[in-house]
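Protein sequence lines, in the order shown, are assigned to chains A and B.
With my numbering, you'll find the first sequence wraps up at 177, consecutive numbering, no jumps.
With my numbering, you'll find the second sequence wraps up at 680, consecutive numbering, no jumps.
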Amino acid sequence: MARNGLSVVRKTLQEYADRGIFRGFSERPGRSGKTEFTFLWLTEYPLHFVCDARNATVRFNDFLPAMPVKSAVYADLRKFLRERVEGDLPKHRMVAPGRAAVKFVNRHGSVSLVLTVYRNQYRYGVKAILNLVNEIFLLLQRSHTEYMWEHFNLPQE
Amino acid sequence: MQDDDRDSRPKKSASVSRRKFVRQAAVGAGVAAAFGKGAALLAQDQERPRIRIPDDVRLRETALIPASDFPMTGADVFARVCRDEGLAALFCCPGNYQVVNAIADHGIPSYGGRHEGAMASAADAFIRVTGEIAACSGTEGPGFTNMISAVAAANAARSPLLVLASNMSVRGDDTESRIQRGYQQPTTEGLRKYGKRLITAARVHEYGTYAFRQLRAGIPRPVHLDFTTEVSGARFESPAELEYYHDKTKYRTASRPHPDPKDIRQAAEMIGRARRPIIVASTGVFYSRAWEALRALAEKCQIAVVESAPMRGQFPDDHPLSASTAPDALPSADLVILVGQYCMPSVGEFAFGPDARYIRIDPDPEDIGRNLPIDLGIVSEETAALEALHAEMPAMRHDAWVAEIAAARGRFQEELAELYRQGASYRDAVHPAVIAKELSDFLYRGNLPKEQTTVVQGGFGIARYTRRWLRAYRPAQIMNGAYQYGAIGPDVGYTFGVGVAVQRGVGPQAPYRGHPIVAITGDAGFGYTGFEIESLATYRIPAIVIVYNNNSWGTWPGNRRSKLVSHIHLFQENLRYDKVAEALGAHGEYVTRPEEFRPALDRCYELASTEHIPSVINCQAKKEFGIARQHPPGFLGKVEPGCMAYYH
C-alpha cells in the first residue's frame, strides 16, 4: 500500500511538471523510507515536497522561514488553515475532513505544512496541499508584503 | 484676456490664502513691525505682473489650417502621412522644428510641455485611454534621451506610441561638429517595435507608411523615427519625386487574423466542461475594442471576467460576472481564458490555482506559450475570437460560480471597510485609506454619474490603497500608470495626456468630453513631473492631482532600519506642493487632517468644472503609515489579476 501511495504521489506531481506548472522537477530518496521531490513553483526558491507513504503523509518541508510561533503572520496562517477545515467556503476550497487532515509544524520558526491522507486518497491529498500552498503565498503577498520582501526576495515596488 | 487671468478665479478658503499666510507668519514672529513689513510685501506683490496665459494658446483652436499641397518639404510629406493616418495628438517640447511645425500645421492637435519625458508619458497616457495613436517629439541629443524612460514604459504597456526626434545631418555623421549628436536607434533597441533613421529624402513617405503599418497591426509597441535635416528639409515639387507614394489602402491592410474553427471547437469543449471558467481581459481587448464581444460571450455562458491591463473598464466592475474586485474567488477558477494578455505573467504571478487550465487568445503566434504554459493557444485578433466563441457556444449557467464571486466581492468590501476604519482612526495626518475611500465616495456615490470621471492611477504606496477603491464602469475609465514598467515619476505627465484626451473627447472618452479628471500621485512621483502642472494650467486642463505627501519615497518602510541608508529614502517634511501648483498657475489645497480632504476635493472639482482650472491637493501624511506593526494596516500587498494589478 505504501509503495502504491508513493506511485500515486509521484504520478500526480509529474503531471504538474509535465504541464509546466513546476520547473526543475526532481526526486531523491529521503530518510526512513521517505521520498523527497524538489521543484520550483511559486517563487524563485525551490520547494521540498516529502512523501512519507508509511505514515500516509505528504508535506512541504520548511517552506516558510523566519516565522516565530507568536508572530502576527503565523497567527494569520493558522486562521487561514482553520477556515479551510471548518470555515464556510465552497467545497472545492476546503480540505474534506473525511479525506485528509492538515496542520502546520513550526520548528524554531521554520514552518512545514503536513497533510495526512485518509483511506489512501493520495491524489486528493497532493492536490489539496498544492492548492493550500498556492493560497498561503497569495495571503502572504496580499497581507504580509514585508515578510515576502525579506524572505522571498519579492520586489518592494 | 480676462478669462485667462489667474487672479479672476474665485477666492479659495481663507485658511490657505496668501494674505492669511503672510499675516500668520508675521504674528508668529511676535513683532508688530513685522506685520507692517508683511503688508508692505503683500502690496508690493499685488503690483507685480500676474500669471497670464498667452493669447496664442487660445487662438490655436481657431487658427486656419494651411493647405497641404506641393511643393512640400520632407517634414510636410511626413506630416501628411500622419494626418491621413489619423494621428490623434502630438506632445512635444521645442526641437525637431520642421517635423513638429509641419504636424501642427496639418491640424493635428499639438501640445507643448516642460520636459520631453513628461510629454512622451502624456502621449502614452493619451493612447492608453483612447486607443488612438499619438506622437511625442524632442530635439536631437538631450531632448531625445529625455524621452527614453517614457518610451520604455510605453513599450512595456504595449502602447502604439510614435516617437519622433530630429537628428542633425547625414553629412555630419561621425563628427562632433556642432552639438547634440548621438546615435538614436541603438538607444531605443529593445524599447520599440520598429525604428529607422531617415536618411534618404525620396523615401520619407515610404518610411512614414512603415511606421503606421507597424503601429496599426499586430501587437502595438512604440515606433521611433529620427529625421536628418537632409530628409526633413528636402523640397519636393511633385509626388513624382517621392518613391513609394501610395494611398494607405496600398501599403497596409485592415485584415486581421481569425481563429481556426478547430481551435474554437476545442475551446468550446473546454468551456463546456469547466465549472468555474474565467476570462482575463487585457490590453488586446482594449485595442481591438472587443468589449461588446467580451460582454456578449461572458453573459451567454456565465463566464466570469477579471481585468488586468494598462487601462481598466473593458468589463464593468459592477457587473455580476466581474471578478475584478473578488480576489478571493480567483484561486477557484478551473479554466482561465487569457484574451489579449500581451504582457504575460509567469507561473505563480496570477492567483489561479495549480489545477487551472489555460486558453490563450493572442494575435501573435510567436508569443503564445511564453511564460505561462497553455492547454490551448488560439491565434486570432481578440474580437474575432470572442465572436467565434459566442457563435459556437450554447448558453450556459454557472450559478454556483457566480454566487462564489459575489461572496468574494462581499468579503473584499468588508476588508476595505476594515482598512478604512483603521486609516480613519489616525487624526494627526491623512491616511491613504481616507483618501481612497472618500475619493471613491465622491466619484461613484455622490452627485456624479459613476462612469463619468476618468482617473489616472499613479503613485506608489497610495496606489496600493486607491487601486482597491477605484472602479471602472466603462472602457478606459482608469489609466493604470505603473503597469509593468513600474515608473512612478510620469504621473503628472500622464495626467496631461489623459486630460487632453478627455477634453477633446477622443475614442471611448467621447461621452465624457470636457469633464474634469482626477489623478493620484505621491510626493516622490510629483518630484519628477510636477512642473507639468504648468502645462495643465496653460491649456486649461481641468485635472485634480491628489498628492499623497508622506515625506518620503514609498520604499522607506523597507529600508528604514539603518541610519546610513534610511536618509536616502527621505525628503524634507511637510513640503508645500500646493504652493508649487499655485506658483505655476493652478489652484492649491493643503490638507493636513482627514476631515479636510473631502471639502478640498469639492472646491477643486467646482473650479475644474466651472473654470477649467487644474488643482493640486497636497495631502499631508507621514511615512510611518507604511509600517504595519506601528500603524496598521501599513503598506498593502496585492493580488493579480484584478483591481490591484499593475505588474501584468
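Ideal Cβ placement from N, Cα and C applies to all residues, glycine included.
Residue environment analysis places B:A306 among the buried positions, since at least 16 neighbouring C-beta atoms fall within 10 angstroms of its C-beta. The alpha-carbon of B:S378 is positioned some 11 angstroms away from that of A:G40.
In the three-state scheme derived from DSSP, where H, G and I count as helix and E and B as strand, A:F83 is classed as strand.
The C-beta of B:D394 comes no closer than 9 angstroms to any C-beta of chain A. Nearest to B:A186 by C-alpha distance, out of B:S356, B:K225, B:D206, B:N581, is B:K225.
The C-beta of B:G617 has 16 or more other C-beta atoms within 10 Å across all chains shown, which makes the residue buried. Listed along the chain, the chain B residues whose CB falls inside 7 angstroms of the CB of A:H112 are S364. Here B:Y276 carries a coil assignment [DSSP, helix/strand/coil]. With respect to the 9 angstroms criterion, B:P342 and B:R160 are classified as neighbours on the basis of their beta carbons.
Counting the other CB atoms within 10 Å of its CB gives A:S46 a total below 16, which places it among the exposed residues.
Taking 9 angstroms as the threshold, the shortest C-beta distance from B:N128 to chain A does not fall below it. The Cβ atoms of B:I552 and B:L471 lie closer than 9 angstroms to each other. Distance between B:I520 and B:Q489, taken at the CA atoms: about 10 angstroms.
Under the Cβ distance rule, A:N151 counts among the residues neighbouring chain B, one pair being separated by less than 9 angstroms.
Counting C-beta pairs closer than 8 angstroms gives fewer than three between the segment 158-175 of chain A and the segment 138-147 of chain A, which falls short of the contact rule.
By the rule that beta-carbons nearer than 9 angstroms mark a contact, B:R308 touches chain A. No Cβ-Cβ contact shorter than 9 angstroms links B:Y276 with B:T232. Non-local beta-carbon contacts of B:I578 in its own chain, meaning distances under 6 angstroms to residues more than five positions away in sequence, involve I552, I649 in chain order. Below the 9 angstroms Cβ cutoff, chain A contributes no neighbours of B:A185, its closest Cβ being approximately 13 angstroms away. Shown in chain order are the members of the segment 36-68 of chain A whose Cβ falls below 8 angstroms from a Cβ of chain B: Y36, R39, G40, I41, R43, W61, L62, T63. The beta carbons of B:W433 and B:A336 sit closer together than 9 angstroms.
Shown in chain order are the members of the segment 650-667 of chain B whose Cβ falls below 9 angstroms from a Cβ of chain A: I659, A660, R661, P665, G666, F667.
Per the Cβ contact rule, the segment 66-86 of chain A is in contact with the segment 47-54 of chain A (3 or more Cβ pairs under 8 angstroms).
According to DSSP, residue pairing for A:D72 in a beta bridge involves A:T77.
Taken through DSSP and simplified to helix, strand or coil, B:V538 comes out as coil. Sixteen is the threshold: when 16 or more other Cβ atoms of the shown chains lie within 10 Å of the Cβ of B:I410, as they do, the residue is buried. Between B:S314 and B:T415, the C-beta gap is not smaller than 9 angstroms, which leaves the two residues out of contact. Fully contained in the segment 255-341 of chain B are the following beta strand (DSSP E) runs of length 3 or more, in chain order: 255-259, 309-313, 336-339.
Of all residues in the segment 489-511 of chain B, none comes within less than 7 angstroms of chain A when Cβ atoms are compared. Across the set B:T260, B:L223, B:F444, the C-alpha of B:F444 shows the shortest separation from the C-alpha of B:P359.
According to the DSSP assignment, B:I437 belongs to the alpha helix (DSSP H) that extends over 431-456.
At least 9 angstroms separates the beta-carbon of B:N178 from that of B:D258.
C-alpha of B:G518 to C-alpha of B:R503: approximately 21 angstroms in a straight line.
Taking the C-beta atoms as reference points, B:P646 is found nearer than 9 angstroms to B:R572.
For B:A468, the enclosing alpha helix (DSSP H) begins and ends at 464-476. For A:T32, there are no C-beta contacts with chain B under 8 angstroms, since the nearest C-beta of that chain is about 11 angstroms from it.
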